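Protein chains in written order, with our numbering: chain S, 1 to 289; chain U, 1 to 178.
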């Protein structure tokens, strides 16, 4: 039995033969030389097989049939790959629009924050961190009211608020804050009186004038008592002095507001306040309610 | 270009890019042409057909030795190629080699006419090889591809291709001697 060459021995021999070597050279001295030689001869025979050139008619027929198939495949491909029609989307906003949008959002946030802060500040008391905001917010209220009468009305409301602040601070024994709030109370009253004096006197004016009378008649005895109970004697003394000072100013204000009855207006001075020399206010042992 | 003699095949190995016959040097132009053909653009397919039909016919006829049968195999090869074109990915192996492998699978399934001449008996023996052996022997000896190129085109290892060549040659030798 002939010995068979290995696959690589055959490939090497085929390579040498392909390189132009004679069969005997390509085979070489090899245990399987005989079989290898037969395989190389077979390779030559296979390589010598020739195919015919297609005639023009065959090529034309093949082309016609193939291209007919192409038409069908193309139609199927187009049908399969037909792109879905997407509905047009809204165009993207321009940069200008985007910035306007961002600015709008920022303004809205600022407004919300501002309003929230102002509302929170309304609950603040003189010893609170938001009290300054509360005062600024009140200035806005004043600014939006144009006529002297309406401004006077706002100032009287603010005076009432300062009075309540004073009460709150006196109750907790914070004398300095109470004095500060009381001074603001009298200032608001003075300014309201000044505004009313220059305002046109109509039915609205009379209403505000009545408010003024009510606001300036608030008693301070309770405040003084609370300050003394909380050992805030200095503050109590200062408040009495503030009341006495306002009592002096009040006569002139009343004269401007109602010259005919100025001298007869009662004075809501606290007990212990200095009497008004030559004025209409008469201090008494019991504060005027 | 006629059929490859044994010495012609050596020349093909060292010749610069001949994409149609060697499976090497695939140009970017051919790749773009195939990509267009994968969308069944008629012009692209017409160009591919013109570039490959004669070579494919000679290749098939080298195995069959029957022009009428070769025409039928070539027709069926193009038919199958059109069906499988969208899945074609072996750009590096070459379009011609892809067509030849389709033709090989069709030849392996085709009925064989009676062999009279020695050449026809050899062709008949080749067609009786297993599909894998037929693929390697025809690509090696008729298409003139190297072992590496056959490995790349068929997706087999070099060792496996060498082994298939060896077994195919021994089978043919056995047929010849008996």
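We put the CB at the ideal spot given by N, CA and C, even for glycine. Just so it is clear, the structure is predicted and the values come from calculations on it, not from any experiment.
**Message:** Distance check for residue 230 of chain S and residue 328 of chain S, CA to CA, integer angstroms please.
**Reply:** Outside the shown range of chain S (1 to 289) lies residue 328 of chain S, about which nothing can therefore be said.
**Prompt:** Alpha carbon to alpha carbon, how far is residue 95 of chain U from residue 113 of chain U?
**Reply:** Here residue 95 of chain U is taken as the residue at index 95 of the second chain, counted from 1. Here residue 113 of chain U is taken as the residue at index 113 of the second chain, counted from 1. If I take the Cα positions, the gap works out to 29 Å.
**Prompt:** So, using beta-carbon positions, are residue 58 of chain U and residue 51 of chain S closer together than 9 Å?
**Reply:** Residue mapping note: residue 58 of chain U aligns to position 58 of the second chain, counting from 1. Residue mapping note: residue 51 of chain S aligns to position 51 of the first chain, counting from 1. With contacts defined by Cβ atoms closer than 9 Å, residue 58 of chain U and residue 51 of chain S form a contacting pair.
**Environment of residue 179 of chain U [buried if 16+ CB atoms lie within 10 Å]** = Beyond the ends of chain U as shown, which are 1 and 178, falls residue 179 of chain U; an answer cannot be given.
**Asked** Looking at chain U, which residues of the segment 29-55 of chain S have a Cβ within less than 7 Å of any of its Cβ atoms?
**Response** Those would be 38, 39, 42, 43, 44, 45, 46, 47, 48, 49, 50, 51, 52, 53, 54, in chain order.
**Asked** Straight-line CA distance for residue 240 of chain S to residue 221 of chain S?
**Response** Taking the first chain and counting its residues from 1, the one referred to as residue 240 of chain S is at position 240. Taking the first chain and counting its residues from 1, the one referred to as residue 221 of chain S is at position 221. Answer to the nearest angstrom: the Cα atoms are 10 Å apart.
**Message:** Using a 10 Å radius around the Cβ and a threshold of 16 neighbouring Cβ atoms, would you call residue 78 of chain U buried or exposed?
**Reply:** For the purposes of this step, residue 78 of chain U is taken as residue 78 along the second chain, with counting starting at 1. Per the 10 Å Cβ criterion, buried.
**Request:** Using three-state DSSP, classify residue 67 of chain U as helix, strand or coil.
**Result:** By 1-based counting over the second chain, the position of residue 67 of chain U is 67. Residue state, collapsed to three classes: helix.
**Request:** Kindly list, in the order they appear in chain U, the residues whose Cβ is closer than 9 Å to that of residue 13 of chain S.
**Result:** Sequence index remark: in the first chain, residue 13 of chain S carries index 13 (1-based). Neighbours of residue 13 of chain S in chain U, taken as residues whose beta carbon is under 9 Å from its own, are absent, since the nearest beta carbon is some 11 Å off.
**Request:** Go through its chain and collect everything with a Cβ distance to residue 195 of chain S's Cβ below 8 Å, but skip five positions before and after it.
**Result:** In the first chain, the residue the question calls residue 195 of chain S occupies position 195. For residue 195 of chain S, where only same-chain residues beyond five positions count, the Cβ hits under 8 Å are 148, 149, 151, 152, 155.
**Request:** Measure from the C-beta of residue 25 of chain S to each C-beta in chain U and report whether the shortest distance is under 9 Å.
**Result:** Along the first chain, one-based indexing puts residue 25 of chain S at 25. No, residue 25 of chain S does not count as interfacial toward chain U.
**Span of the alpha helix (DSSP H), counted from its first residue to its last, around residue 256 of chain S** = The residue you call residue 256 of chain S lines up with position 256 of the first chain. Bounds of the alpha helix (DSSP H) holding residue 256 of chain S are 233-257.
**Asked** Considering only C-alpha positions, which residue in the set S:31, S:75, S:165 is nearest to residue 6 of chain S?
**Response** Working through the first chain from its first residue, we reach residue 6 of chain S at position 6. Closest option to residue 6 of chain S, Cα to Cα, is S:31.
**Asked** Quick one: is residue 111 of chain S near chain U, going by C-beta distance under 9 Å?
**Response** Translated into the one-based positions of the first chain, residue 111 of chain S becomes position 111. Nearest CB-CB separation between residue 111 of chain S and chain U: not below the 9 Å threshold.
**Beta carbon proximity, residue 128 of chain U to chain S, threshold 9 Å** = Start at 1 with the first residue of the second chain, and residue 128 of chain U comes out as number 128. Answer no: the Cβ-Cβ gap between residue 128 of chain U and chain S never drops below 9 Å.
**Prompt:** Rounded to whole angstroms, how far is the Cβ of residue 54 of chain S from the Cβ of residue 54 of chain U, which I believe are closer than 8 Å?
**Reply:** Residue numbering aside, residue 54 of chain S sits at position 54 when the first chain is read from its first letter. Residue numbering aside, residue 54 of chain U sits at position 54 when the second chain is read from its first letter. The Cβ separation is near 6 Å, so the contact holds.
**Item:** Minimum Cβ-Cβ distance from residue 8 of chain S to chain U less than 9 Å
**Value:** Within the first chain, residue 8 of chain S is the residue found at index 8, counting from 1. Judged by the 9 Å Cβ criterion, residue 8 of chain S is in contact with chain U.
**Prompt:** Using DSSP with H/G/I as helix, E/B as strand and the rest coil, what is residue 79 of chain S?
**Reply:** Along the first chain, read from residue 1 onward, the residue named residue 79 of chain S stands at position 79. Collapsing the DSSP output to three states places residue 79 of chain S in a helix.
**Message:** Can you check whether the C-beta of residue 95 of chain U is within less than 9 Å of a C-beta belonging to chain S?
**Reply:** By one-based count along the second chain, residue 95 of chain U stands at place 95. Cβ-Cβ to chain S under 9 Å: no for residue 95 of chain U.
**Prompt:** Whose C-alpha, out of S:47, S:98, S:46, S:26, is nearest the C-alpha of residue 37 of chain S?
**Reply:** As a first step, residue 37 of chain S is located in the first chain; it is residue number 37 there, counting from the start. If we check each option's Cα against that of residue 37 of chain S, S:26 comes out closest.
**Message:** Closest to residue 46 of chain U by C-alpha separation, out of S:34, S:46, S:60, would be which residue?
**Reply:** Translated into positions along the second chain, residue 46 of chain U becomes position 46. It is S:60 whose Cα lies nearest to the Cα of residue 46 of chain U.
**Message:** Buried or exposed, going by whether 16 or more other CB atoms sit within 10 Å of the CB of residue 108 of chain S?
**Reply:** Translated into the one-based positions of the first chain, residue 108 of chain S becomes position 108. The residue in question, residue 108 of chain S, is exposed, as its Cβ has fewer than 16 Cβ neighbours within 10 Å.
**Item:** Whole-Å CB distance - residue 134 of chain S paired with residue 197 of chain S, under 8 Å assumed
**Value:** Here residue 134 of chain S refers to the residue found at position 134 when the first chain is read from its first residue. Here residue 197 of chain S refers to the residue found at position 197 when the first chain is read from its first residue. 28 Å between Cβ atoms; not a contact.
**Asked** When we look at the beta-carbon of residue 126 of chain S and count the other beta-carbons within 10 Å, is it buried (16 or more) or exposed?
**Response** As a position in the first chain, residue 126 of chain S is number 126, starting the count at 1. Note on residue 126 of chain S: 16 or more other CB atoms within 10 angstroms of its CB, so buried under the neighbour-count rule.
**Message:** Considering just the uninterrupted stretch of the alpha helix (DSSP H) at residue 137 of chain S, what are its terminal residues?
**Reply:** Counted from its first residue, the first chain places residue 137 of chain S at position 137. Annotation: the continuous alpha helix (DSSP H) that includes residue 137 of chain S extends over 131-144.
**Asked** Using DSSP with H/G/I as helix, E/B as strand and the rest coil, what is residue 206 of chain S?
**Response** Stepping through the first chain from its first residue, residue 206 of chain S is reached at position 206. Helix at residue 206 of chain S.
**contact_flag[the segment 234-253 of chain S, the segment 156-176 of chain S] where n(CB pairs < 8 Å) is 3 or more** = Using a Cβ-Cβ distance cut-off of 8 Å, the segment 234-253 of chain S and the segment 156-176 of chain S are in contact, since at least three pairs of beta carbons, one from each stretch, lie closer than that value.
**Request:** If I'm right that residue 65 of chain U touches residue 123 of chain U with Cβ under 8 Å, what's the distance once you round it to whole angstroms?
**Result:** As a position in the second chain, residue 65 of chain U is number 65, starting the count at 1. As a position in the second chain, residue 123 of chain U is number 123, starting the count at 1. Taking the Cβ atoms as the reference, residue 65 of chain U lies roughly 5 Å from residue 123 of chain U, within the contact range of under 8 Å.
**Item:** Partners in chain S for residue 78 of chain U, counting only beta-carbon separations shorter than 8 Å
**Value:** Within the second chain, residue 78 of chain U is the residue found at index 78, counting from 1. Within chain S, the residues near residue 78 of chain U are 62, 65, 66, 69.
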